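Here the sequence shown stands for residues 105 to 373, numbered as in the working numbering.
Below is one structure, written out as structure tokens; comments come after it.
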Amino acid sequence: MVSNFVSKGAAGYESFMGRWSQRLAPLFLDFAGIGVHERVLDVGCGTGSLTLAIAESCEVDAIEAIDFEEQFVEALKQKSRDPRIVARQGDACALPYGDGQFDRALSLLVLHFVSDPSKAVSEMRRVVRPGGVVAATVWDTFGGMPSQRMFWDTFCAIEPAAMERRSIALTRPMTGPGQLVSVFVQGGLEQVRETSLTIRMEFGSFDDYWEPLIHGQGTLASFLSTLSERTTDKLKSDVRDAYLCGGPDGARSFATTAVAVKGTVPRPT
Ligand SMILES: C[S@@+](CC[C@H](N)C(=O)[O-])C[C@H]1O[C@@H](n2cnc3c(N)ncnc32)[C@H](O)[C@@H]1O
105 MVSNFVSKGA AGYESFMGRW SQRLAPLFLD FAGIGVHERV LDVGCGTGSL TLAIAESCEV
165 DAIEAIDFEE QFVEALKQKS RDPRIVARQG DACALPYGDG QFDRALSLLV LHFVSDPSKA
225 VSEMRRVVRP GGVVAATVWD TFGGMPSQRM FWDTFCAIEP AAMERRSIAL TRPMTGPGQL
285 VSVFVQGGLE QVRETSLTIR MEFGSFDDYW EPLIHGQGTL ASFLSTLSER TTDKLKSDVR
345 DAYLCGGPDG ARSFATTAVA VKGTVPRPT
């Protein structure tokens, strides 16, 4: 399988993650830096957070968007009729584009779900012209996502079976220190730079936090269905206590950080 991403449909994705990737996209674009009249590739476009941010804020000539999930590609097509956007289904590890076709290849919150991220970076490098830029960002899931940590640490405290799941969720490949940079350097990119990008995940209430978390993406809901009703009730009650932290139900805000890396495709010597 080329993707480790488990989709629950475009609407579920939007409520769980799309609303936050929309916030991250402009920060990532500032870091990746896009010039006028460029041809840009969005690898793992999902429902279009980055593609649409590029279309709104950059004077580019063309935006190609590709994702493994057909239903996400369809959702993106429904969102915009911008003639510069061409979206298609496909694999980041076997990009259906010629060599050097783009000025920039970007990837927002994708490489930690790709089965072979080195291959994906090498493909992004191949399709970008010499002197062009490859850039990617992934969440710092281990230390930079307090809203997820709060859930998993609470879960593990009451249910040992959750520990393996916590490890999978919080220590995905590419999210550890130096991993993304290392793949870029080993992939032959030059002038490789790393930075941190921080947004705030703002929830309106506990339900606004809880429902998308359980049902929006992945296999959490089916895992919970294997546990006793007593355990799942306690989990919800304890996570609710952690979310509220002694206050009334309502809005809470979590500073959340992603690691971003960019590098330049070498020019022939
Ligand atoms: C967390 S989502 C990010 C989507 C979008 N970039 C965003 O920021 O909202 C991860 C995306 O990576 C895509 N993906 C994972 N492996 C892939 C692969 N091998 N080829 C193409 N897309 C892939 C998934 O289908 C999913 O849409």
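The beta-carbon is built from N, C-alpha and C at its ideal position, and this holds for glycine as well.
All of these numbers come straight from a predicted model, not from anything done at the bench.
Item                                                                                                                                                  : Value
Please report the residue range of the alpha helix (DSSP H) in which D353 lies.                                                                       : Where D353 is concerned, there is no enclosing alpha helix (DSSP H), given that its DSSP letter is neither H nor E.
Below 8 Å on the Cβ atoms is my contact criterion, and I expect A129 with R208 to pass it. Report the Cβ-Cβ distance as a whole number of Å.          : About 14 Å; that fails the 8 Å criterion.
Should R229 go down as buried or exposed, given a rule of 16 or more other Cβ atoms within 10 Å for buried?                                           : buried
Checking 7 Å against the spacing of the C-beta atoms, do V296 and V289 come in under that value?                                                      : yes
Start and end of the beta strand (DSSP E) containing D312?                                                                                            : From DSSP, D312 is part of no beta strand (DSSP E) but of the alpha helix (DSSP H) over F310 to H319.
Would you tell me roughly how many angstroms separate the C-alpha atoms of G236 and V225, rounded to the nearest one?                                 : 14 Å
Reducing DSSP to helix, strand and coil, say where F307 ends up.                                                                                      : strand
For R188, name the three-state secondary structure that DSSP assigns.                                                                                 : coil
Is DSSP giving L213 helix, strand or coil here?                                                                                                       : coil
Grab me the residues of T323's own chain with a C-beta within less than 8 Å of its C-beta, minus the 5 sequence neighbours each way, in chain order.  : V110
Any chance the CB of T153 is under 6 Å from a heavy atom of ligand 1?                                                                                 : Note that residue 153 corresponds to Ser in the displayed sequence, not to Thr. Indeed, a heavy atom of ligand 1 lies less than 6 Å from the Cβ.
Round the Cβ separation of D146 and L154 to the nearest angstrom and send it over; I've been treating them as touching at under 8 Å.                  : 5 Å
Residues in the same chain with beta-carbon distance under 8 Å from P250, minus the five sequence neighbours each way, listed in chain order, please. : F358, A359 and T360
Cβ of V231 versus every heavy atom of ligand 2: is any distance shorter than 6 Å?                                                                     : Questions concerning ligand 2 fall outside what the structure shown contains, since the ligands it does hold are ligand 1.
Buried or exposed: where does S341 fall if 16 or more other Cβ atoms within 10 Å of its Cβ makes it buried?                                           : exposed
Does the beta-carbon distance from T258 to L212 come in below 7 Å?                                                                                    : no
Pick out whichever of A273, V363 and T330 has its Cα sitting closest to the Cα of E298.                                                               : V363
Between the beta-carbon of G231 and the beta-carbon of A196, is there less than 7 Å?                                                                  : Before going further, note that residue 231 is Val rather than Gly in the sequence given. Not in contact: V231 and A196 (Cβ atoms no closer than 7 Å).
Between which two residues does the beta strand (DSSP E) holding V242 run?                                                                            : V232 to W243
Under 6 Å: does the beta carbon of G122 sit that close to some heavy atom of ligand 1?                                                                : yes
Spatial neighbours of P316 within its chain, please: C-beta separation below 6 Å, excluding the five flanking residues on both sides.                 : S119 and F120
With 16 as the cutoff for other CB atoms within 10 Å, does R356 come out buried or exposed?                                                           : buried
Taking Cβ positions, are G139 and D171 nearer each other than 7 Å?                                                                                    : no
Could you tell me which residues DSSP pairs with V365 in its beta bridges?                                                                            : A240 and E298
Quick check: is any heavy atom of ligand 1 less than 6 Å from the C-beta of F135?                                                                     : no
Any idea if R276 is buried or exposed, counting beta-carbon neighbours within 10 angstroms, 16 or more meaning buried?                                : buried
Is S107 near ligand 1 - that is, is its Cβ less than 6 Å away from at least one heavy atom of it?                                                     : yes
Taking 7 Å as the threshold (C-beta atoms), are T151 and G116 in contact?                                                                             : no
To the nearest angstrom, how far is the alpha carbon of A179 from that of L328?                                                                       : 28 Å
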